[in-house]
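Only one structure is covered here, and it is reproduced in the block below.
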Amino acid sequence: MMVSDQEIIDRFPVGYHPLHPNVSLNFQLNRFYGWTNEERMLEELRTVAPRVCDYADWTRLMLELSDKALAADRRLPAAYYARAAQFFLRPDDPRFAPAQRRFLDNVEAGNGVTASDRHLVPYGTTRLTAYRFTPARARGTIVVFGGYDSYIAEWLPAALALRDAGLDTVVFDGPGQGTVLDAGVPMTPDWHLPVAAVLDHFHLSDVTLAGFSLGGGLVMRAAAREPRVARVVAWDILTDLFEAFRALLGSMGLGALAADFEGLPAPVLDAAVAEGCRADLLLDWFVEQGRRVMGVDTASSLFRAWNTYRTDDVSHLVTQDVLLLAGAADHYVPLRMLGDQVLTLPAARSVVARVFTEAEQAQNHCQIGNQGLALKVILDWLDQVGGRSPEPAAS
Numbered sequence: 001m002m003v004s005d006q007e008i009i010d011r012f013p014v015g016y017h018p019l020h021p022n023v024s025l026n027f028q029l030n031r032f033y034g035w036t037n038e039e040r041m042l043e044e045l046r047t048v049a050p051r052v053c054d055y056a057d058w059t060r061l062m063l064e065l066s067d068k069a070l071a072a073d074r075r076l077p078a079a080y081y082a083r084a085a086q087f088f089l090r091p092d093d094p095r096f097a098p099a100q101r102r103f104l105d106n107v108e109a110g111n112g113v114t115a116s117d118r119h120l121v122p123y124g125t126t127r128l129t130a131y132r133f134t135p136a137r138a139r140g141t142i143v144v145f146g147g148y149d150s151y152i153a154e155w156l157p158a159a160l161a162l163r164d165a166g167l168d169t170v171v172f173d174g175p176g177q178g179t180v181l182d183a184g185v186p187m188t189p190d191w192h193l194p195v196a197a198v199l200d201h202f203h204l205s206d207v208t209l210a211g212f213s214l215g216g217g218l219v220m221r222a223a224a225r226e227p228r229v230a231r232v233v234a235w236d237i238l239t240d241l242f243e244a245f246r247a248l249l250g251s252m253g254l255g256a257l258a259a260d261f262e263g264l265p266a267p268v269l270d271a272a273v274a275e276g277c278r279a280d281l282l283l284d285w286f287v288e289q290g291r292r293v294m295g296v297d298t299a300s301s302l303f304r305a306w307n308t309y310r311t312d313d314v315s316h317l318v319t320q321d322v323l324l325l326a327g328a329a330d331h332y333v334p335l336r337m338l339g340d341q342v343l344t345l346p347a348a349r350s351v352v353a354r355v356f357t358e359a360e361q362a363q364n365h366c367q368i369g370n371q372g373l374a375l376k377v378i379l380d381w382l383d384q385v386g387g388r389s390p391e392p393a394a395s
C-alpha cells in the first residue's frame, strides 16, 4: 500500500515545548518525546520536568517513568525514557547497561523491527550495528548515521519513514557511536572508512549519504573520499567540532582558554577544564562524553582530537549534490557555520542550503520540534536531484 509523503511527515509532532528552563535539558526532553509523538508522554514530561534540578534527578525520574510506561506496555515511551535516563550516566554506573538494554529491546519492538532488519557489518577487527529497511519498490537508496551522542536505534522512526517514502534505507552506528562505542571502538575522522565498510557489505552504489548532528561534518569527510556517494545531506551542518565547543566555552567565560589551548601546558589546561566541569553540568557531560567517544584520557588530548573533526580540509573534494540544513537557533552549532560550509564547496555539483526558523518550530539542533518538515525538505530535494525516482503510475 502506497503511503504519501504527507502521511509520513504527519507521524512526527510539530512544536518545541518549554519543558525545562535549562536549554540543554529542555532540548533533550523535546528530542526524546519527538520520537514517540505520544501526548501522554508529553504530559508526563510537563509534570516531572520541574523536579529536575541536576543529572541525578534526571536519571531517577526518567527511570521511574520508563518503569511505569513498560508496566503499561507502552514500548516506545519506555524505550525513550530509558535512553534519556542513560544519556547522562557513565558506563561504569550499574544503571547504564540495564537502561541501554531496555532502550534497545523496546525501541526495536515498538518499531516492529525483526531479526532480518538487523545487521552486523565487518569493520576492521570489530563490527558495526546496522539496520536495513527496503520497500517493495525502491526508488533510491539512502545511508544514514549519527553524531556525538547517538544510538542509531533512536532514529528508527525516521528510518522507517524514509523506507515508506520509497527509499532503500540503511542506518548504522559507526566508530564512537552507540553500540560500537559501547564495544570500546572510538571515533575516527577518517569517516570514509566505516562508510565504505557499509557500502561494501550491502553492495551499494549511487547512494545518498546523510549524517545528523556531528554527522553533518562526518558526512562531508566521507563524501570527499567515497565515489559511491552521489548525494550528500548534512542534517545539520557542523564544519568544526572544536569551534562548536569553543562557542560553548565562550558562553561560560572560558573562551580565551580554548582560543589558546595549543599554547598552554597540558596540566594547566586539564586543571582549568576540570574546574569548569565542576561548575557546569553541560560542560562536564560534553567533556566526559568526548573522552569516551574520542578514546582519550585528558582534556588537552580531547581538544587536539576535536580539532581534527572539521570540513575545511576536505570540502573542496566534494563533487556531489549537497543539501545543507541548519537551525536558526541551534544552541550547539553556530549558524555562521552554514556560510562557512557553503563557501568551501567550490567543486560540488550543486549546493542547496535551508535554514529552519522558530516560526516553523524547527529552529533547534537537527530540527527537533519539527523533524517531519526536515524530512519533507530532504525528500523534495531528492526528487529534484535524482535521488528518488518518480512514483510508479497507479495501475
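full-length UniProt numbering applies: residue 1 is where the sequence shown begins, and numbers increase by one. Think of the CB as a built atom: it goes at the ideal place given N, C-alpha and C, for glycine as much as any other residue. Nothing here was measured: the structure is a model prediction, and the numbers come from that model.
Buried or exposed: residue 107, going by 16 or more other Cβ atoms within 10 Å of its Cβ?
Buried, by the Cβ-count rule.
Taking the C-alpha atoms as reference points, what is the distance between residue 214 and residue 152?
Going by the C-alpha atoms only, they are around 13 Å apart.
7 Å CB neighbourhood of residue 175 in its chain, flanking five on each side removed:
Spatial neighbours of residue 175 in its own chain (CB-CB distance under 7 Å, excluding positions within 5 residues in sequence) are listed in chain order as 185, 186, 187, 188, 194.
Is residue 354 closer than 8 Å to residue 325 when the C-beta atoms are compared?
Their beta carbons are under 8 Å apart, which means residue 325 touches residue 354 by this criterion.
Residue 238 - DSSP class collapsed to helix/strand/coil
Correct three-state label for residue 238: coil.
Answer with buried or exposed for residue 260, where buried requires no fewer than 16 other C-beta atoms within 10 angstroms of its C-beta.
Burial call: exposed.
Comparing alpha-carbon positions, which option in 378, 332, 294, 31 lies nearest residue 244?
When each option's Cα is compared against that of residue 244, the closest is 332.
What does the alpha-carbon distance come out to for the pair residue 11 and residue 21?
Residue 11 and residue 21: Cα-Cα distance of roughly 27 Å.
Tell me which residues share the same chain as residue 298 and place their Cβ nearer than 7 Å to its Cβ, disregarding the 5 neighbours each side in the sequence.
So the list reads 266, 270, once near-sequence residues are dropped.
Considering only C-alpha positions, which residue in the set 285, 250, 384 is nearest to residue 91?
Minimum Cα distance to residue 91 is reached at 285.
Write down every uninterrupted run of the beta strand (DSSP E) in the stretch 5-70 whose length is 3 residues or greater and which is fully enclosed by it, in chain order.
Fully enclosed beta strand (DSSP E) runs of no fewer than 3 residues are not present anywhere in the stretch 5-70.
I need the straight-line Cα distance from residue 317 to residue 144, nearest angstrom please.
Their backbone Cα atoms lie some 20 Å apart in a straight line.
Under the rule that 16 or more other beta-carbon atoms within 10 Å means buried, what is residue 147, buried or exposed?
Around the Cβ of residue 147, a 10 Å sphere holds 16 or more other Cβ atoms; the residue is buried.
To the nearest angstrom, how far is it from the Cα of residue 384 to the Cα of residue 68?
Going by C-alpha positions, residue 384 is about 46 Å away from residue 68.
Take residue 272 and list the residues in its own chain whose beta-carbon comes closer than 6 Å to its own, dropping the five residues that flank it on each side.
Correct list, in chain order: 257.
On the three-state DSSP scale, how would you describe residue 362?
Taken through DSSP and simplified to helix, strand or coil, residue 362 comes out as coil.
Check whether the Cβ atoms of residue 129 and residue 120 lie closer than 8 Å to each other.
Their beta carbons are under 8 Å apart, which means residue 129 touches residue 120 by this criterion.
CA-to-CA distance, residue 157 to residue 88, given in whole angstroms:
One C-alpha to the other measures close to 23 Å.
Three-state class that DSSP yields for residue 81 in the structure shown:
Helix.
How many whole angstroms separate the CB atoms of residue 66 and residue 49, which I take to be in contact at a CB cut-off of 8 Å?
At roughly 15 Å, the Cβ-Cβ gap does not stay under 8 Å, so residue 66 and residue 49 are not in contact.
Going by the beta-carbon positions, is the gap between residue 366 and residue 242 smaller than 8 Å?
No, the Cβ-Cβ distance between residue 366 and residue 242 is not below 8 Å.
DSSP beta-bridge partners of residue 121
Paired residue(s): 128.
Looking only at C-alpha atoms, which of 364, 300, 201 sits nearest to residue 262?
Nearest in C-alpha terms to residue 262, of all of 364, 300, 201, is 300.
Taking 7 Å as the limit between beta carbons, can you name the residues of its chain near residue 109, skipping five residues before and five after?
Leaving aside the five residues that flank residue 109 on each side, the residues in its chain whose CB is nearer than 7 Å to its CB run, in chain order, 75.
Below 8 Å on the Cβ atoms is my contact criterion, and I expect residue 45 with residue 33 to pass it. Report the Cβ-Cβ distance as a whole number of Å.
Right, their Cβ atoms sit about 6 Å apart.
DSSP beta-bridge partners for residue 140?
Assignment of beta-bridge partners to residue 140 by DSSP yields 167.
Let's see if you can read the secondary structure: which residues bound the alpha helix (DSSP H) around residue 284?
Unbroken alpha helix (DSSP H) run through residue 284: 281-294.
Alpha carbon to alpha carbon, how far is residue 80 from residue 114? Give it in angstroms, no decimals.
Spanning the two alpha carbons is a distance of roughly 19 Å.
Could you please give me the residues that DSSP links to residue 324 through a beta bridge?
DSSP lists 234, 353 as partners of residue 324.
Using a Cβ-Cβ cut-off of 7 Å (strictly less than) and excluding sequence neighbours within five positions of residue 51, which residues of its own chain qualify?
57, 61.
Just to confirm, is the Cβ distance from residue 142 to residue 210 under 8 Å?
Yes, these two residues count as a Cβ contact at 8 Å.
Identify, in the order they occur along the chain, each residue of the same chain with its Cβ nearer than 7 Å to the Cβ of residue 281, setting aside the five sequence neighbours on each side.
If we look at residue 281 and ignore the five residues flanking it on each side, its Cβ neighbours are 54, 55.
Does DSSP classify residue 178 as helix, strand or coil?
Helix, per DSSP.
For residue 5, which residues in the same chain have their Cβ closer than 7 Å to its Cβ, ignoring the five residues on either side in sequence?
In the same chain as residue 5, and ignoring 5 residues on each side of it, the C-beta atoms closer than 7 Å to its own belong to 165, 376, 379, in chain order.
Contact check, residue 40 vs residue 63, beta carbons under 8 Å
Not in contact: residue 40 and residue 63 (Cβ atoms no closer than 8 Å).
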